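**Student:** Can you keep this structure in mind? I'll have questions shortly.
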Amino acid sequence: MTTVTEADALEGLRDALGLLKDREQVAERLLDSSAKHSFDPDKELDWDAPFEDGKWFWPPELVSLYDTPLWKRMSEEQRIELSKHEAAALASLGIWFELILMQLLVRHVYDKAATSAHVRYALTEIEDECRHSKMFARLITRGGTPHYPVARVHHNLGRLFKTISTTPGSFTATLLGEEILDWMQRLTFPDERVQTLIRGVTRIHVVEEARHVRYAREELRRQMVTAPRWSQEFTRLTSGEFARVFSVAFINPEVYANVGLDQKEAMAQVKASGHRREIMQTGARRLTDFLDDIGVLRGPGRQLWRASGLLA
Ligand SMILES: [Fe+2]
Ligand SMILES: [Fe+2]
Numbered sequence: 516m517t518t519v520t521e522a523d524a525l526e527g528l529r530d531a532l533g534l535l536k537d538r539e540q541v542a543e544r545l546l547d548s549s550a551k552h553s554f555d556p557d558k559e560l561d562w563d564a565p566f567e568d569g570k571w572f573w574p575p576e577l578v579s580l581y582d583t584p585l586w587k588r589m590s591e592e593q594r595i596e597l598s599k600h601e602a603a604a605l606a607s608l609g610i611w612f613e614l615i616l617m618q619l620l621v622r623h624v625y626d627k628a629a630t631s632a633h634v635r636y637a638l639t640e641i642e643d644e645c646r647h648s649k650m651f652a653r654l655i656t657r658g659g660t661p662h663y664p665v666a667r668v669h670h671n672l673g674r675l676f677k678t679i680s681t682t683p684g685s686f687t688a689t690l691l692g693e694e695i696l697d698w699m700q701r702l703t704f705p706d707e708r709v710q711t712l713i714r715g716v717t718r719i720h721v722v723e724e725a726r727h728v729r730y731a732r733e734e735l736r737r738q739m740v741t742a743p744r745w746s747q748e749f750t751r752l753t754s755g756e757f758a759r760v761f762s763v764a765f766i767n768p769e770v771y772a773n774v775g776l777d778q779k780e781a782m783a784q785v786k787a788s789g790h791r792r793e794i795m796q797t798g799a800r801r802l803t804d805f806l807d808d809i810g811v812l813r814g815p816g817r818q819l820w821r822a823s824g825l826l827a
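Be aware that the sequence shown starts at 516, since it is given in our numbering, and climbs by one per residue.
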């Protein structure tokens with residue numbers, strides 16, 4: 516039997532009234548969950564097992580070219596090979612995001628009391644991201660594909676952003692980096708058509724990321740009420756720009772050339788693909804609904820969100 520504690524009841528009431536939750540209480544719960552459900556990927560997964568013949572490295576429907584004329588001309592082996600390169604490109608993107616996020620978290624807690632649960636949780640999240648980035652790097656190496664860094668211009672935009680971004684801007688970018696990939700990973704880990712190692716990596720990531728999403732959402736909700744007005748307006752505008760960069764950086768176009776496809780043709784077909792648009796918008800919906808709800812999608816930034824293809 517589950518017992519409803521006073522804290523649960525209070526949290527439910529706050530939800531119902533749309534009020535902010537107590538920052539320390541949120542962090543204590545996330546610390547509890549971290550203590551119970553954290554994984555060491557090096558020990559948890561069998562890295563030496565051979566890959567299974569005929570299995571995918573990413574669910575086919577989530578591969579960028581799925582259902583395009585080009586896809587229909589590709590052999591099954593070539594499609595699976597593309598899924599392997601796209602999984603490596605997404606793992607590379609994941610590492611890029613996580614490095615940015617770790618720095619944002621360090622900046623976020625720099626002026627706060629290290630004894631608070633809020634700061635202790637941020638440090639715990641950095642530990643999670645360290646393990647994740649090492650796990651993704653090991654996965655890329657194990658797959659034998661190249662590592663796929665983002666374009667130089669995005670790499671440098673990231674450098675600037677992680678150095679100067681405001682707190683609400685940081686948490687908006689965090690959610691953008693985490694929620695769409697999380698949606699894809701939730702479809703990947705239960706999928707029996709997918710390689711066991713990929714399923715293991717995505718399962719660990721989904722379990723641990725759920726806490727990160729919770730922490731960022733609670734903090735962003737708080738920031739959109741408490742941050743100075745200019746900072747809220749700035750977040751509305753810049754989040755549209757993040758969305759645009761994110762959707763361009765999502766798949767590295769080098770993957771097409773590396774599986775023997777014409778890069779320009781592949782990119783044009785992905786751009787024209789109704790299936791792909793639907794996948795990206797569906798993947799982003801939970802996030803865009805939330806951002807709309809807390810007032811981030813108001814004003815001219817909304818047009819940028821539409822232009823990014825992530826908002827219908
Ligand atoms: Fe992560
Ligand atoms: Fe994360």
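Cβ atoms here follow ideal geometry from the backbone N, Cα and C, with glycine treated the same way. Nothing here was measured: the structure is a model prediction, and the numbers come from that model.
1) List the endpoints of the continuous alpha helix (DSSP H) containing residue 811.
2) With a CB to CB cut of under 7 Å and the five nearest residues on each side skipped, what residues in its chain are close to residue 623?
3) So does the stretch 544–560 actually touch the stretch 702–718, counting three or more Cβ pairs closer than 8 Å?
4) Could you give the residue range of the alpha helix (DSSP H) that holds residue 624?
5) Helix, strand or coil, according to DSSP, for residue 573 in the structure here?
6) Output yes or no for whether 9 Å exceeds the beta carbon distance between residue 657 and residue 597.
7) Once you ignore the five residues that flank residue 799 on each side, which residues in its own chain have a CB closer than 6 Å to its CB?
8) Quick one: is the Cβ of residue 616 within less than 8 Å of any heavy atom of ligand 2?
9) Quick one: is the Cβ of residue 723 within less than 8 Å of any heavy atom of ligand 1?
10) Have a look at 554, 566, 777 and flag the residue whose alpha-carbon is nearest the alpha-carbon of residue 722.
11) Between residue 727 and ligand 2, is there a pair consisting of the residue's CB and a ligand heavy atom that are separated by less than 8 Å?
12) Just how far apart, CA to CA, sit residue 762 and residue 823?
13) Please report the distance separating the alpha-carbon of residue 628 from that of residue 613.
14) Do you know how far the Cα of residue 571 is from the Cα of residue 708?
15) Per DSSP, which residues does residue 709 bridge with? Please list them.
16) Taking all protein chains shown into account, do 16 or more other C-beta atoms lie within 10 angstroms of the C-beta of residue 573, making it buried, or fewer, making it exposed?
17) Hey, is residue 647 close to ligand 2, as in C-beta under 8 Å from one of its heavy atoms?
18) Please report how far the alpha carbon of residue 776 lies from the alpha carbon of residue 607, in whole angstroms.
19) Would you mind working out which of 567, 625, 587, 548 sits nearest residue 599, comparing C-alpha positions?
20) Taking just the CA atoms, how far does residue 813 sit from residue 556?
21) Taking contact to mean at least 3 C-beta pairs separated by less than 8 Å, is the stretch 639–647 in contact with the stretch 536–553?
22) Pick helix, strand or coil for residue 639, following the three-state DSSP scheme.
23) If we ignore side chains and look at the alpha-carbon of each, how far apart do residue 647 and residue 720 end up?
24) Does the distance between the C-beta of residue 643 and the nearest non-hydrogen atom of ligand 2 fall short of 8 Å?
25) Work out the CA separation of residue 675 and residue 801 for me, nearest whole Å.
26) Between which residues of its own chain and residue 581 is the CB-CB distance below 7 Å, once the five residues before and five after are set aside?
27) Only counting the same chain, and skipping five residues up and downstream in sequence, which positions put a Cβ closer than 8 Å to that of residue 737?
28) Taking buried to mean at least 16 other C-beta atoms within 10 Å of its own C-beta, is residue 625 buried or exposed?
29) Given this structure, state the Cα-to-Cα distance separating residue 809 from residue 781, to the nearest angstrom.
30) Using CA coordinates, which residue listed in 569, 750, 543, 544 is at the minimum distance from residue 710?
31) Let's test the definition: count the other Cβ atoms within 10 Å of the Cβ of residue 745 and tell me whether it reaches 16, buried, or not, exposed.
32) Short check: CB of residue 764 to CB of residue 819, under 9 Å?
33) Buried or exposed: where does residue 793 fall if 16 or more other Cβ atoms within 10 Å of its Cβ makes it buried?
34) Take the Cβ of residue 787 as the centre, count every other Cβ of all protein chains shown within 10 Å, and call the residue buried at 16 or more, exposed below.
**Tutor:** Once the coordinates are examined:
1) Here residue 811 corresponds to residue number 296 of the sequence shown, with the count starting at 1. Element bounds for residue 811: n/a, residue is neither H nor E.
2) One-based indexing of the sequence shown puts residue 623 at position 108. Closer than 7 Å at the Cβ level, and outside the excluded window around residue 623, lie 637, 682, 685.
3) yes
4) Indexing the sequence shown from 1 puts residue 624 at position 109. Where residue 624 is concerned, the enclosing alpha helix (DSSP H) stretches over 591–624.
5) As a working note, residue 573 is residue 58 in the sequence shown. Here residue 573 sits in coil by DSSP.
6) By 1-based counting over the sequence shown, the position of residue 657 is 142. By 1-based counting over the sequence shown, the position of residue 597 is 82. No, they are not a contact pair.
7) Your numbering for residue 799 matches position 284 in the sequence shown. Contacts found: 695, 825.
8) Position 101 of the sequence shown holds residue 616. Within the cutoff, so yes.
9) Counting from 1 along the sequence shown, the entry for residue 723 is found at position 208. Residue 723 Cβ: within cutoff of ligand 1.
10) Taking the first residue of the sequence shown as position 1, residue 722 is located at position 207. The shortest C-alpha separation from residue 722 is found at 554.
11) Taking the sequence shown and counting its residues from 1, the one referred to as residue 727 is at position 212. At least one heavy atom of ligand 2 is nearer than 8 Å to the Cβ of residue 727, so yes.
12) For the purposes of this step, residue 762 is taken as the residue at position 247 of the sequence shown. For the purposes of this step, residue 823 is taken as the residue at position 308 of the sequence shown. Near 6 Å, if we compare the C-alpha coordinates of residue 823 and residue 762.
13) As a working note, residue 628 is residue 113 in the sequence shown. As a working note, residue 613 is residue 98 in the sequence shown. Rounded to the nearest angstrom, the two C-alpha atoms are 24 Å apart.
14) Stepping through the sequence shown from its first residue, residue 708 is reached at position 193. Stepping through the sequence shown from its first residue, residue 571 is reached at position 56. Rounded to whole angstroms, residue 708 to residue 571 spans 6 Å at the Cα level.
15) As a position in the sequence shown, residue 709 is number 194, starting the count at 1. DSSP, once it has assigned bridges, lists 571 as partnering residue 709.
16) As a working note, residue 573 is residue 58 in the sequence shown. Counting Cβ neighbours within 10 Å, residue 573 comes out buried, since at least 16 surround it.
17) As a working note, residue 647 is residue 132 in the sequence shown. Yes, since a heavy atom of ligand 2 falls inside the 8 Å radius drawn around the Cβ of residue 647.
18) Translated into the one-based positions of the sequence shown, residue 776 becomes position 261. Translated into the one-based positions of the sequence shown, residue 607 becomes position 92. Approximately 21 Å between the Cα atoms of the pair.
19) Along the sequence shown, read from residue 1 onward, the residue named residue 599 stands at position 84. It is 567 whose Cα lies nearest to the Cα of residue 599.
20) For the purposes of this step, residue 556 is taken as residue 41 along the sequence shown, with counting starting at 1. For the purposes of this step, residue 813 is taken as residue 298 along the sequence shown, with counting starting at 1. Going from the Cα of residue 556 to the Cα of residue 813 covers about 40 Å.
21) yes
22) Working through the sequence shown from its first residue, we reach residue 639 at position 124. DSSP places residue 639 in helix when its eight states are reduced to three.
23) Start at 1 with the first residue of the sequence shown, and residue 647 comes out as number 132. Start at 1 with the first residue of the sequence shown, and residue 720 comes out as number 205. C-alpha separation (whole angstroms): 7 Å.
24) What you label residue 643 is simply residue 128 of the sequence shown in a count that begins at 1. Answer for residue 643: yes, Cβ within range of ligand 2.
25) The residue you call residue 801 lines up with position 286 of the sequence shown. The residue you call residue 675 lines up with position 160 of the sequence shown. Rounded to whole angstroms, residue 801 to residue 675 spans 28 Å at the Cα level.
26) Locating residue 581 in the sequence shown gives position 66, where the first residue counts as 1. Closer than 7 Å at Cβ, skipping near neighbours: 575, 790.
27) Here residue 737 is taken as the residue at index 222 of the sequence shown, counted from 1. The answer, listed in chain order, is 535, 538.
28) Reading the sequence shown from its first residue, position 110 is the one you call residue 625. Residue 625 should be labelled exposed.
29) For the purposes of this step, residue 809 is taken as the residue at position 294 of the sequence shown. For the purposes of this step, residue 781 is taken as the residue at position 266 of the sequence shown. If you take the alpha carbons of residue 809 and residue 781, they lie about 37 Å apart.
30) Reading the sequence shown from its first residue, position 195 is the one you call residue 710. Of the listed residues, the one whose Cα sits closest to residue 710 is 569.
31) In the sequence shown, the residue the question calls residue 745 occupies position 230. That one is exposed.
32) One-based indexing of the sequence shown puts residue 764 at position 249. One-based indexing of the sequence shown puts residue 819 at position 304. The answer is no: Cβ separation not under 9 Å.
33) Sequence index remark: in the sequence shown, residue 793 carries index 278 (1-based). With fewer than 16 other Cβ atoms within 10 Å, it is exposed.
34) Reading the sequence shown from its first residue, position 272 is the one you call residue 787. It is exposed - the Cβ of residue 787 has fewer than 16 other Cβ atoms within 10 Å.
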